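According to our numbering, the sequence shown is numbered sequentially starting from 1. For glycine and all other residues, C-beta sits at the position ideal for the given N, C-alpha and C. Please read these numbers as outputs of a predicted model, since none were measured by experiment.
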Amino acid sequence: MKKLFFSLPLMFLVGGCSKQPAMQSSPATSTPTAAAKPVSGPFSSQELQEFVALNPIDTHTHIYQSSPIFFAMFDRLNLHILDILVDMDNANPDNAIWNDHAKERAAAWGVVHNSAGHASLCTTFDPFKFNQPGFSKGAIHEINQDFARGAVAIKIWKNIGMELKDAKGNYILPDNPIFEPIYKDIAAQHKTMISHVADPNSLWEAPNPASPDYSYYMENPEWYMYKQPNPVSKEQILAARDHILEENPNLRMVGAHLGSMEANFPELAQHLDRYPNFAVDLAARMPYLMQQPRADIIAFITKYQDRLIYATDNEFFPTDDAQKVALVWETQYANDWRFLATNDTLVEQYSGRTVQGLDLPQSILRKLYHDNAVTWFPGILSSAH
Ligand SMILES: [Zn+2]
């Protein structure tokens, strides 16, 4: 994985675990247009008051440094985060902690314990051992240990479906029977499974510089399915995910990144209608919401207000500068909140066009930012120690 640099004018949608673009960190307002003045930058004091009143929860972050600067930001924003483990074998040196599962787990638990109740853990298991004897038993043992310590969820990642292959070279899909005992265990433990499977459509399409994901797949060709010799289709991966939902009606699943149906809201709506045990987070996909006609996306959010969970995919690595990254995080919280909660004029980063905030009612904002996280991740606010 390529490290994402916060100073780039255009950030990638799917980097990191699946990185949200960093919003402009220049303070205050900027870039006047003929129509209205786009708002950007960190919260004003009035805005912060309104954000804080939501008791906001971000259910998709990756944080591996116990920094007083960060904990002070969490206090100021009245923010609770879910710290998610991801096991990779191909992270780049800047994100190397993702390749060292023991170190990553210890760092994340450190954050949870040092956060004064602001953080909870989402664990994972090492999928690269899938063809070893006793794999599922070992994985269950490991995740149950984390559940016993207070982890509220477990994540499966896109390496299942897009990287792991069997001896014949076939991709291992998320509904492979080898994983089924793990899913049964998660349901039996009444925990939540976050599934980030597949990626945006553009990773299966010809290179398109206008795509929000263009830089990501050009720099991370291992995930660029369009150029793989025998690619798995996105439809196959999502069908395997759906198969898990069908086979495990008692398994609570949160599909990361709009369930990888970011460009097809009717399809997402069908899934939410069909699977009552399925919700999605908004992590790293706010630009896709911004690209929808405003009235359409308001109608969609209104209809599915109990099934959408606010999240960012924000990252904070052990070698990162806490001051700089805290400002990036806070600026993103401010910009996302302005889009959802106000009718301010904002700049959509990829197209550069201006969009108007959705001005959602408080009752819906409260669900997106707080209530749905509590419902879909039981114990998220009480499990932090
Ligand atoms: Zn992520």
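> In whole angstroms, what is the alpha-carbon distance linking ALA153 and ASP126?
Replying inline: Stepping through the sequence shown from its first residue, residue 153 is reached at position 153. Stepping through the sequence shown from its first residue, residue 126 is reached at position 126. So the two alpha carbons sit approximately 15 Å from each other.
> Helix or strand or just coil, what does DSSP make of ASN372?
Replying inline: Counting from 1 along the sequence shown, the entry for residue 372 is found at position 372. The answer is helix: DSSP assigns ASN372 an H, G or I state.
>> Please report the straight-line C-alpha distance between ARG397 and HIS370, rounded to a whole angstrom.
In response: Nothing about residue 397 can be reported from this structure: the residues present for the chain run from 1 to 385 only.
> Along the chain, which unbroken stretches of the alpha helix (DSSP H) at least 4 residues long are found entirely within the segment 96-151?
Replying inline: 101-114, 135-149
> Does DSSP put ASN208 in a helix, a strand or coil?
Replying inline: To locate residue 208, count along the sequence shown from 1; it is residue 208. Three-state result, ASN208: coil.
>> Given this structure, state the Cα-to-Cα distance separating LEU4 from PRO209, to the nearest angstrom.
In response: Taking the sequence shown and counting its residues from 1, one reaches residue 4 at position 4. Taking the sequence shown and counting its residues from 1, one reaches residue 209 at position 209. Reliability of the predicted coordinates at LEU4 is poor, the pLDDT of 33 falling under 50, and no value is obtained from them.
> Within this structure, are the beta carbons of GLN349 and PRO287 separated by less than 8 Å?
Replying inline: Counting from one through the sequence shown, the residue named residue 349 turns up at place 349. Counting from one through the sequence shown, the residue named residue 287 turns up at place 287. Yes, they are a contact pair.
> Where GLN189 and LEU121 are concerned, what is the direct C-alpha to C-alpha distance, given to the nearest angstrom?
Replying inline: Taking the sequence shown and counting its residues from 1, one reaches residue 189 at position 189. Taking the sequence shown and counting its residues from 1, one reaches residue 121 at position 121. The alpha-carbon atoms of GLN189 and LEU121 are separated by roughly 15 Å.
> Exposed or buried, GLY357, counting other C-beta atoms within 10 Å across all chains shown (16 or more means buried)?
Replying inline: Within the sequence shown, numbered from 1, the residue matching residue 357 stands at position 357. With 16 or more other Cβ atoms within 10 Å, it is buried.
> Is there at least one non-hydrogen atom of ligand 1 closer than 7 Å to the beta-carbon of ASP75?
Replying inline: Translated into the one-based positions of the sequence shown, residue 75 becomes position 75. Incorrect: ASP75 has no Cβ contact closer than 7 Å to ligand 1.
> Heavy atom of ligand 1 less than 7 Å from the Cβ of ASP273, yes or no?
Replying inline: Along the sequence shown, one-based indexing puts residue 273 at 273. Outside the cutoff, so no.
> Which residues does DSSP pair with ASN314 in a beta bridge?
Replying inline: Reading the sequence shown from its first residue, position 314 is the one you call residue 314. Partner(s): THR61.
> Taking C-beta to C-beta, are ALA269 and ALA311 nearer than 8 Å?
Replying inline: Against the sequence shown, residue 269 aligns to sequence position 269. Against the sequence shown, residue 311 aligns to sequence position 311. No. Outside cutoff.
>> Shorter than 7 Å, the distance from the beta carbon of ASP313 to the closest heavy atom of ligand 1, or not?
In response: To locate residue 313, count along the sequence shown from 1; it is residue 313. Yes, the Cβ of ASP313 comes within 7 Å of a heavy atom of ligand 1.
>> Are there any heavy atoms of ligand 1 lying less than 7 Å away from the beta-carbon of HIS62, as far as the coordinates show?
In response: For this step, residue 62 is matched to residue 62 along the sequence shown. Within the cutoff, so yes.
> Excluding sequence positions up to five away, which residues of its chain have a Cβ less than 6 Å from the Cβ of MET290?
Replying inline: The residue given as residue 290 occupies position 290 in the sequence shown. GLU348, VAL355.
> Counting only beta-carbon atoms, is GLN332 nearer than 8 Å to chain D?
Replying inline: No chain D appears in the structure shown, which is made up of a single protein chain.
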